[in-house]
Structure formats: C-alpha cells, structure tokens
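In terms of numbering that gives the first Met the number 0, the numbers along the sequence shown are unbroken and rise by one, the last being 718.
Glycine included, C-beta positions come from ideal geometry on N, C-alpha and C.
All figures in this text were calculated on a predicted structure; none of them were measured in a lab.
See structure below.
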Amino acid sequence: MTSISPDQWTSHTRHTLKRYDETLLRQLAHRLCKPRNQWPVSELLERVVTALNNAAMIDRRLKELPAACRQILAIIGQSRQNRWPVGSLVEIVVALGHEDGLAPLVTLLESGLLLPELHPLGTSPDEEKSSVRARLKSVTTWLSRTEPPPMLLASPQVTRRVHGEDLGIVCPVAPAPEGKLAIHEADGLEWPLRMAVLWQQALGAPLRRTQQGGFFKRDHDRLQADPLLSAAPTDALTLIPDPGFFTAALATSAGMLREEDAELRAGDWPADWKSPLPHAVLRCWHALHEVRAWNPGQGYVVEAARGNPYPAAYLLSLLLLSRLADDEWASPQAIEEWIAARHPYWAGSKRTDEIGIAAFLLGIAYSLRLVQAIQGDAGAWLLRLSSLGRWVAGQTEAAPTIPAFKQTLLVQPNLEILAYRQGLTPELIAQLSKIATWRTLGPACTLLLEPHSVYRALEMGESQASILQLFDSHGMKAVPPAVLDSLKTWSSKRERLSVYPAGAIFEFGTPAEMEEAITRGLPAVRLTDRLAIVPNESEIAYKNFRLTGTRDYTLPPEKCVDVDADGVTLHVDLAKSDLLLETELQRFAEPDTEGMTLRAAGAGRRAYRIKPASIASARKLGLTLSYLETWFSQRTGLPISAAALLFMTAPQAGPVDIRRQLILHVANEHLADGLQQWPSTRALVQARIGPTALVVTEDDLTLLMERLKELGVEVRWEV
0 MTSISPDQWT
10 SHTRHTLKRY
20 DETLLRQLAH
30 RLCKPRNQWP
40 VSELLERVVT
50 ALNNAAMIDR
60 RLKELPAACR
70 QILAIIGQSR
80 QNRWPVGSLV
90 EIVVALGHED
100 GLAPLVTLLE
110 SGLLLPELHP
120 LGTSPDEEKS
130 SVRARLKSVT
140 TWLSRTEPPP
150 MLLASPQVTR
160 RVHGEDLGIV
170 CPVAPAPEGK
180 LAIHEADGLE
190 WPLRMAVLWQ
200 QALGAPLRRT
210 QQGGFFKRDH
220 DRLQADPLLS
230 AAPTDALTLI
240 PDPGFFTAAL
250 ATSAGMLREE
260 DAELRAGDWP
270 ADWKSPLPHA
280 VLRCWHALHE
290 VRAWNPGQGY
300 VVEAARGNPY
310 PAAYLLSLLL
320 LSRLADDEWA
330 SPQAIEEWIA
340 ARHPYWAGSK
350 RTDEIGIAAF
360 LLGIAYSLRL
370 VQAIQGDAGA
380 WLLRLSSLGR
390 WVAGQTEAAP
400 TIPAFKQTLL
410 VQPNLEILAY
420 RQGLTPELIA
430 QLSKIATWRT
440 LGPACTLLLE
450 PHSVYRALEM
460 GESQASILQL
470 FDSHGMKAVP
480 PAVLDSLKTW
490 SSKRERLSVY
500 PAGAIFEFGT
510 PAEMEEAITR
520 GLPAVRLTDR
530 LAIVPNESEI
540 AYKNFRLTGT
550 RDYTLPPEKC
560 VDVDADGVTL
570 HVDLAKSDLL
580 LETELQRFAE
590 PDTEGMTLRA
600 AGAGRRAYRI
610 KPASIASARK
620 LGLTLSYLET
630 WFSQRTGLPI
640 SAAALLFMTA
650 PQAGPVDIRR
660 QLILHVANEH
670 LADGLQQWPS
680 TRALVQARIG
690 PTALVVTEDD
700 LTLLMERLKE
710 LGVEVRWEV
C-alpha cells in the first residue's frame with residue numbers, strides 16, 4: 000500500500016471529485032454537508048473536501064448510516080490498507096451477516112465516505128485530458144465494470160472515526176490446557192529471507208512468464224526444486240504447498256520483483272526494509288492480499304481471470320482472532336469452518352479442509368509472526384494473535400518493539416558467513432543479499448563471499464570500506480586476514496574501471512600540451528599521456544582551444560595509416576586520425592621514437608613499429624588474426640603486411656628445416672624444363688626453386704655432370 004500524508008489524501012480527494020459529473024457531485028454534497036444554497040461547482044467541491052476533513056461532520060454522517068456501512072469502514076481501517084477491491088469488500092460484508100454486500104458500498108460512495116479509484120493513489124492526474132464525457136456519472140455503473148476491477152479508497156480521516164465499531168462477530172474459543180503453557184512464536188524472518196534469496200537469483204536469471212500467466216518449464220522446475228525456495232519453512236506448524244511459487248508471488252506483490260517484457264526481474268528493495276521488522280511484516284501482509292497465483296488450499300495456480308476470495312478470508316481470520324481475550328485461544332480448524340460457512344464463495348461447501356485457511360494460519364500467518372501457538376490436550380495447535388499480529392490487525396496504535404542483537408555475524412577465513420537469525424533485521428538481510436550469496440536457511444543461515452557477489456555490491460554503490468564496516472558493526476569477531484585480502488583484491492579489480500555517463504574527450508599533440516592545459520585550469524581527468532576527459536562539458540572554456548579536427552564516430556573508421564616497405568613501420572596522419580586509433584595501435588604496436596624516418600618526422604605525423612614482442616603481448620590479451628586483418632583493411636586500405644602476418648602466425652607455423660644442397664643454375668627456362676622431363680635427369684633433380692634454378696644432391700652430382708656432358712652442355716663449377 001502506498002503510504003501518503005493527510006495533505007496528499009486531501010489532494011487526491013480533490014482530484015477525484017473533479018472527475019465527478021456535476022449532478023453526481025451535488026447529490027454527494029447534499030448527503031455529506033447538506034448545503035442550503037446552490038453553490039457554484041468549484042466552491043461546492045471545496046466544501047465537500049473540507050467536510051471530509053472535519054471530524055464532527057464525519058461523525059454526524061456516520062451516525063445516520065446503517066451499521067453495515069460503519070462496520071466495513073472499521074474493517075478497512077483495521078486492515079491498515081486503505082485500498083481494497085470491491086469484490087473483497089462485498090465478501091466481507093456478506094460474511095458479517097448482511098444479505099446485500101454491495102448496498103453499503105453504494106451508500107458510502109454516494110455519501111463521499113468512500114472514493115472510487117479513478118487514478119492511481121499518490122499520483123496527480125492530467126486534468127486537461129479529463130473530458131466531460133469521461134466524468135463519473137453513476138456510482139452503480141462504475142461498480143458494475145469488470146476490467147479493470149473497481150477499487151475503493153477510504154481516507155484514514157474517516158476510518159479512524161469508527162475504529163471501535165462492533166463488528167458483530169465472535170471467535171469460537173477452544174479450551175486451553177491447564178498448567179504452564181509453552182507458547183510458540185516465530186521470528187517473522189522466514190519469508191523475508193526467502194524473498195531475498197529469490198531476488199538474488201533473479202538478478203542473474205529472471206523468471207520468464209508464458210502468455211497464460213504461468214512459468215516456462217525451466218523456471219517452473221527451478222521454483223519447484225530449488226533447495227532454498229522449495230524446502231519446508233523452518234518456522235511453520237504445517238506444510239505449506241508450493242513454497243517456492245508462494246515466494247515468487249509474494250515478492251512480486253511486495254515490489255521486490257518487477258514484471259518487465261514477460262519476465263520477473265529483480266527490483267529495488269522496498270523502503271520498508273530499512274525500518275524495523277514490524278514494518279517489513281506489514282508490507283508482506285499487504286502484499287499477501289494481492290497474491291493471485293497461489294493460495295493455501297491449492298498451492299500454485301495460474302492466475303484466474305477475476306475473483307479471488309482469499310484476501311477477504313485472510314483478513315476475516317485475523318479479525319476473528321482479534322476478538323479473543325488475552326487468555327483465550329482458538330482452533331484454526333474452527334476459524335476455517337466459520338469462514339467457510341459465511342463467506343459467499345464457499346457457502347454450502349462440504350469440504351472445508353480444501354479451503355486452506357487453517358493451513359494459512361498455521362503456516363503463513365505463524366511464520367510471519369502474526370500468531371502465537373500452543374498445543375492443546377489432544378495435541379492439536381491452538382492460536383491467538385501475537386503482539387505484532389494485533390498491531391497488523393489494527394488493534395494497537397504503536398508497533399511492538401523487537402529485541403535487537405546487533406552482533407550476529409561470524410565471518411570465517413574460508414569466506415563463509417554465519418548469520419544467526421535472532422540478530423537479523425530486514426535491513427541487514429538486504430545488505431547481506433548484495434554482498435554475499437545465500438547458501439542455507441535455518442537457525443544459523445550461511446552465505447558465501449564470492450568475486451561476483453562483491454562486484455555486484457560495488458555496482459550497487461557499496462565499497463570495500465562499507466562492507467568492512469558492516470562486518471565490524473555486526474560481527475562477533477574481527478574479520479580474518481584472508482577475507483580482508485580477498486575483499487581488497489576484488490575491490491581493486493572492480494575499482495579500476497571508471498564509468499562516465501557523459502563527457503568530452505580531449506586529444507593533445509604531446510603530453511606537455513596536456514599538462515599545460517590542466518595547469519591552466521582545464522577540469523580534466525587524465526586517461527593516457529595525451530588523452531583526458533572532462534565529465535561535465537559545460538565547464539569547458541572552448542575559447543581557450545583551437546579546433547584542429549572533428550570526427551563523427553558513427554561513420555566507418557578513417558584510412559589514416561601508411562605502411563613502410565619494411566611492413567612493420569606505421570605512419571599515422573594526425574589530421575585524419577581519431578581518438579580511438581591510438582588505443583587500437585597500443586594493443587599491438589609501440590611508438591617509434593628512435594628510428595623515425597624523415598617521412599614520419601614531418602609535421603602532423605607519428606610513427607609506430609610492430610615488433611614480435613608487441614604482437615606476442617597482444618596475443619596473450621586476446622588479439623586475433625582476423626581482428627588485425629580487419630584493422631589493416633580499415634585503417635590502411637591494404638591487406639595485412641607480410642611481416643605482421645609473420646609475427647602473428649610464426650608460432651603456429653611448425654619447425655623449419657636447414658639442409659645442405661647444391662643449386663644448378665641453367666641458361667634458360669627451356670633447359671630447366673627439359674632436365675626435369677628427360678628420364679635420365681629427372682630422378683637427379685630434387686626440386687625447382689626458380690625459373691632457372693634446380694636443386695641436386697652431392698651424391699648425384701657426378702652422374703648429372705655426365706648427362707650434361709652427353710647433351711653437350713658446358714658445366715662450370717663454383718666452390
């Protein structure tokens with residue numbers, strides 16, 4: 000439920016009444032403040048708003064209304080939830096014993112004591128888009144719509160006036176065993192812990208939804224079999240059907256998971272988690288009323304098109320328990336039978352055990368710390384509201400104080416964290432979920448510090464100092480040195496990256512020019528010896544700079560590099576180059592400061608040299624041959640040079656052979672062709688290494704010379 004101030008309620012009331020048709024507004028004003036004159040609409044509206052903030056006026060109108068109207072307003076106030084669907088309120092009115100569940104709501108709407116939700120609570124509508132035809136003309140017509148389901152709003156100013164109204168219901172009391180009773184009460188952390196686990200899992204793998212509202216098989220199996228989400232709760236007096244699916248539904252309703260593009264993704268932590276436990280439990284209680292994909296009778300169900308009897312049943316069960324005296328107890332089965340007999344959805348049902356209200360009380364309500372339990376004489380559980388449950392049910396004004404045990408963490412050298420539940424709070428659970436991975440849930444929960452979990456925490460705004468401060472303030476012992484070293488290593492790796500959402504990058508001709516610019520007041524951060532970034536472009540005094548070139552980085556890379564004949568010396572034309580080129584060259588080449596040619600030494604040029612060592616370093620960092628070939632094509636307009644190709648491929652080329660051989664040089668190609676073809680000399684030629692050069696062995700030299708002499712070819716021998 001959105002928590003809004005009295006001023007916001009007044010503003011919302013005014014915006015809602017502005018969308019009433021004039022006739023309907025005058026009828027409402029006649030019932031609420033009974034004006035004696037025909038006031039203009041604008042003034043009449045302000046009088047109605049003023050009356051809804053006047054306690055005496057509200058009291059007079061409430062006394063004139065039927066008891067059912069006051070009872071439903073009292074129930075809305077006790078639920079601590081001022082926004083309810085019409086269907087649930089109708090079910091509650093009928094369960095209280097009134098034949099017509101809709102009539103009291105119509106009366107309250109026509110009197111202005113209930114408001115229709117015409118725009119989201121806590122927001123301001125666009126008045127210009129509210130046409131005359133779209134104004135609310137009839138309350139009954141608006142109540143009869145189905146999509147979206149009509150929602151009603153009750154101002155705390157109104158519900159507060161009927162807080163003590165008699166609801167006309169009596170809780171069936173069960174005989175309590177004699178003697179000293181062992182009272183059981185949960186810690187209320189079971190479902191906040193499970194939602195934290197699911198939030199953590201959804202960060203890396205969102206839950207995918209089908210068009211029918213269910214889950215895809217992988218995520219369905221994940222919720223059904225996950226060892227943390229599907230295990231039986233530590234604090235529950237009965238089995239809860241499909242606890243993994245209940246966790247997903249509750250986390251979605253509570254805002255910890257958000258639906259986006261047919262996926263349930265991790266959302267922001269609700270503000271209630273920074274408050275003490277009672278406020279987080281109240282958030283879960285409100286979220287429970289919006290759960291449609293799970294119920295305690297059937298477990299996981301694909302969301303129905305409309306109609307959900309359980310929000311009314313949950314509230315009625317707590318209202319019944321609130322009617323018990325301090326020393327009285329009730330059977331959950333008796334409460335279930337009471338609701339089944341009076342709730343219009345189950346009226347006449349013979350199988351009350353299929354409703355699941357007893358399972359809700361013993362499982363969900365107990366684990367949320369809303370009820371206390373004892374065992375009766377026959378071993379069956381008996382219940383009553385806890386102090387937290389009485390506050391959630393609107394029976395007390397102030398939230399109960401939960402004992403705090405600050406030192407509850409034990410950080411171990413193996414990077415495992417033991418978290419004892421008696422000291423956990425919602426805020427601490429949220430902090431731990433950011434920095435470590437949940438491993439087990441129990442009386443002592445375990446988490447594991449991992450590189451990716453620490454990186455995640457750093458990305459969410461944590462730092463090494465804040466993580467250590469958390470361990471120091473909640474730890475039982477000092478943080479082990481091994482953990483300190485790991486946190487320092489992971490934090491330093493993550494903190495090497497600086498992300499600038501925007502900025503202007505400056506490239507200077509020389510490092511000295513950049514130093515001079517910064518000295519003169521340029522608010523820049525050094526990136527390299529010649530590159531600097533100014534995060535806020537508005538701080539740059541461009542009048543102090545001379546623009547030497549511009550570059551559109553949406554265009555293909557500019558051809559601005561020449562390759563020398565040696566294949567390894569690269570000359571950069573600075574007038575055409577861009578800021579990315581220097582970063583690209585530094586991956587596989589080194590600045591050539593000693594052996595610069597006259598061409599490179601010219602104005603506006605810079606030389607780089609590719610070396611075997613620079614290529615070897617680039618390969619270790621992931622540089623590939625295809626990248627280098629693409630770079631040469633884009634930056635030089637030529638294929639990769641043979642020398643650069645040699646440096647890249649030589650390690651994979653295999654061994655080379657060194658052999659002694661004789662080279663026979665002949666006068667022309669025809670003579671070489673003939674010697675290779677004539678059978679008498681063909682076997683003596685080992686290879687042809689050129690148009691007129693043949694390879695022979697020393698062993699065949701004498702025979703070859705005889706064949707050449709036979710042909711009449713003169714042989715000259717060079718030693």
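Task: Exposed unless 16 or more other CB atoms sit within 10 angstroms - verdict on Y430 - done: Working through the sequence shown from its first residue, we reach residue 430 at position 431. At residue 430 the sequence reads Gln, which differs from the Tyr that was named. Q430 is buried by the Cβ-count criterion.
Open item on the list: According to DSSP, is W8 part of a helix, a strand, or is it coil?
Closed with: The count along the sequence shown starts at 1 and reaches residue 8 at position 9. It is helical.
Task: Minimum C-alpha distance to P242 - residue among K708, D225, L142, P176 - done: As a working note, residue 242 is residue 243 in the sequence shown. P242 has its Cα closest to that of D225, out of K708, D225, L142, P176.
Open item on the list: Taking 7 Å as the threshold (C-beta atoms), are A435 and L447 in contact?
Closed with: One-based indexing of the sequence shown puts residue 447 at position 448. One-based indexing of the sequence shown puts residue 435 at position 436. Yes, they are a contact pair.
Task: Cα-Cα separation, V300 to N294 - done: Taking the sequence shown and counting its residues from 1, the one referred to as residue 300 is at position 301. Taking the sequence shown and counting its residues from 1, the one referred to as residue 294 is at position 295. Here the alpha carbons of N294 and V300 stand approximately 8 Å from one another.
- [ ] Using beta-carbon positions only, say whether P331 and L256 come within less than 7 Å of one another.
- [x] Stepping through the sequence shown from its first residue, residue 331 is reached at position 332. Stepping through the sequence shown from its first residue, residue 256 is reached at position 257. Result no, Cβ atoms of P331 and L256 do not sit closer than 7 Å.
Task: Run of the alpha helix (DSSP H) containing L544, from where it starts to where it stops - done: Here residue 544 corresponds to residue number 545 of the sequence shown, with the count starting at 1. Per the sequence shown, the amino acid found at residue 544 is Phe instead of Leu. Here F544 belongs to no alpha helix (DSSP H), and DSSP marks it neither H nor E.
- [ ] Would you give the residue range spanned by the alpha helix (DSSP H) that Q200 belongs to?
- [x] Position 201 of the sequence shown, counted from the first residue, corresponds to residue 200. It spans 189–203 - the alpha helix (DSSP H) in which Q200 sits, taken as one unbroken run.
- [ ] Return the Cβ separation of P103 and V92 in integer angstroms, given the expectation that the two are a contact with Cβ distance under 8 Å.
- [x] As a first step, residue 103 must be located in the sequence shown, where it is residue number 104. As a first step, residue 92 must be located in the sequence shown, where it is residue number 93. Contact holds; Cβ gap of about 6 Å.
- [ ] Whole angstroms is fine: what's the gap from T251's alpha carbon to E258's?
- [x] Taking the sequence shown and counting its residues from 1, the one referred to as residue 251 is at position 252. Taking the sequence shown and counting its residues from 1, the one referred to as residue 258 is at position 259. Approximately 8 Å, taken between the alpha carbons.
Task: Same chain, Cβ closer than 7 Å to I688, five either side skipped, listed in chain order - done: Counting from one through the sequence shown, the residue named residue 688 turns up at place 689. V694, listed in sequence order.
Task: Residue closest to D528, alpha-carbon to alpha-carbon, out of P556, L578, F544 - done: Taking the sequence shown and counting its residues from 1, one reaches residue 528 at position 529. The candidate whose alpha carbon is nearest that of D528 is L578.
Open item on the list: For a test of the three-state rule: what should DSSP assign to E259, helix, strand or coil?
Closed with: Translated into positions along the sequence shown, residue 259 becomes position 260. It is a strand residue.
Open item on the list: Does T568 pass the burial test, meaning 16 or more other C-beta atoms within 10 Å, or should it be called exposed?
Closed with: The residue given as residue 568 occupies position 569 in the sequence shown. It is buried - the Cβ of T568 has at least 16 other Cβ atoms within 10 Å.
Open item on the list: For T596, which residues in the same chain have their Cβ closer than 6 Å to its Cβ, ignoring the five residues on either side in sequence?
Closed with: In the sequence shown, residue 596 corresponds to position 597, counting from 1. Confidence at T596 is low in this model, with a pLDDT of 48, below 50, so the placement of that residue is unreliable and no value is reported for it.
- [ ] Sort out for me which residues DSSP pairs N294 with in a bridge.
- [x] As a working mapping, residue 294 is identified with position 295 in the sequence shown. DSSP lists G298 as partners of N294.
Task: Residue environment, F544, which counts as buried when at least 16 other CB atoms sit within 10 Å - done: Position 545 of the sequence shown holds residue 544. It is exposed - the Cβ of F544 has fewer than 16 other Cβ atoms within 10 Å.
TODO: In the DSSP assignment, find the unbroken alpha helix (DSSP H) run with D471 in it and report its ends.
DONE: Stepping through the sequence shown from its first residue, residue 471 is reached at position 472. Its alpha helix (DSSP H) spans residues 463–473.
- [ ] Kindly identify the DSSP beta-bridge partner or partners of M150.
- [x] In the sequence shown, residue 150 corresponds to position 151, counting from 1. In the DSSP output, where bridge partners are listed per residue, M150 has P84.
- [ ] Tell me whether Q371 is buried or exposed, calling it buried when 16 or more other Cβ atoms sit within 10 Å of its Cβ.
- [x] Along the sequence shown, one-based indexing puts residue 371 at 372. The residue in question, Q371, is buried, as its Cβ has 16 or more Cβ neighbours within 10 Å.
Open item on the list: Less than 7 Å between the beta carbons of D58 and R160, yes or no?
Closed with: Locating residue 58 in the sequence shown gives position 59, where the first residue counts as 1. Locating residue 160 in the sequence shown gives position 161, where the first residue counts as 1. Result yes, Cβ atoms of D58 and R160 sit closer than 7 Å.
Open item on the list: Quick check: what's the CA-CA separation for T635 versus L644?
Closed with: As a working note, residue 635 is residue 636 in the sequence shown. As a working note, residue 644 is residue 645 in the sequence shown. In this model, T635 and L644 are separated by some 15 Å (Cα to Cα).
Open item on the list: What does the alpha-carbon distance come out to for the pair L61 and P425?
Closed with: Position 62 of the sequence shown holds residue 61. Position 426 of the sequence shown holds residue 425. Distance between the alpha carbons of L61 and P425: 40 Å.
TODO: State the DSSP-derived secondary structure class of Q430, mapped to helix, strand or coil.
DONE: By one-based count along the sequence shown, residue 430 stands at place 431. Residue state, collapsed to three classes: helix.
- [ ] May I have the straight-line CA-CA distance separating S123 from L135, to the nearest angstrom?
- [x] As a first step, residue 123 must be located in the sequence shown, where it is residue number 124. As a first step, residue 135 must be located in the sequence shown, where it is residue number 136. Roughly 17 Å between the two C-alpha positions.
- [ ] Return the CA-CA distance between V410 and L486, expressed in angstroms with no decimal places.
- [x] Taking the first residue of the sequence shown as position 1, residue 410 is located at position 411. Taking the first residue of the sequence shown as position 1, residue 486 is located at position 487. If you take the alpha carbons of V410 and L486, they lie about 12 Å apart.
TODO: Could you spell out the range, first to last residue, of the beta strand (DSSP E) harbouring D565?
DONE: Residue mapping note: residue 565 aligns to position 566 of the sequence shown, counting from 1. From DSSP, D565 is part of no beta strand (DSSP E); its letter is neither H nor E.
TODO: Return no unless some Cβ of chain C is closer than 7 Å to the Cβ of S640.
DONE: Looking at the structure shown, chain C is missing, and only one protein chain is on hand.
- [ ] Give the secondary structure of V665 by DSSP, where H, G and I count as helix, E and B as strand, and everything else as coil.
- [x] In the sequence shown, counting from the first residue as 1, residue 665 sits at position 666. Reduced to three states, the DSSP call for V665 is coil.
Open item on the list: On a Cα-Cα basis, can you pick out the residue from A682, L661, P690 that is closest to L670?
Closed with: The residue you call residue 670 lines up with position 671 of the sequence shown. Out of A682, L661, P690, P690 has the C-alpha closest to the C-alpha of L670.
Task: beta-carbon E146 near the ligand ATP non-hydrogen atom, thresh 6 Å - done: Only the bare structure without any ligand can be found here, which leaves the ligand ATP out of the picture.
Task: Spatial distance of D267 from V453 (CA atoms) - done: Against the sequence shown, residue 267 aligns to sequence position 268. Against the sequence shown, residue 453 aligns to sequence position 454. Cα to Cα, the separation comes out at about 18 Å.
Open item on the list: By the DSSP assignment, the beta strand (DSSP E) with R438 in it spans what residues?
Closed with: Locating residue 438 in the sequence shown gives position 439, where the first residue counts as 1. First-last of the beta strand (DSSP E) with R438: 436–439.
TODO: Using the Cα positions of A599 and E581, report the straight-line distance between them to the nearest angstrom.
DONE: For the purposes of this step, residue 599 is taken as residue 600 along the sequence shown, with counting starting at 1. For the purposes of this step, residue 581 is taken as residue 582 along the sequence shown, with counting starting at 1. The predicted position of A599 is uncertain, since its pLDDT is 46 and thus under 50; a value taken from the coordinates is nonetheless stated next. Roughly 16 Å separates the two Cα atoms.
Open item on the list: Using C-beta distances below 6 Å, list every residue in its chain close to D234, excluding the 5 sequence neighbours before and after it, in chain order.
Closed with: Numbered from 1 along the sequence shown, position 235 holds the residue referred to as residue 234. So the qualifying residues of the chain are A185, E189, S366.
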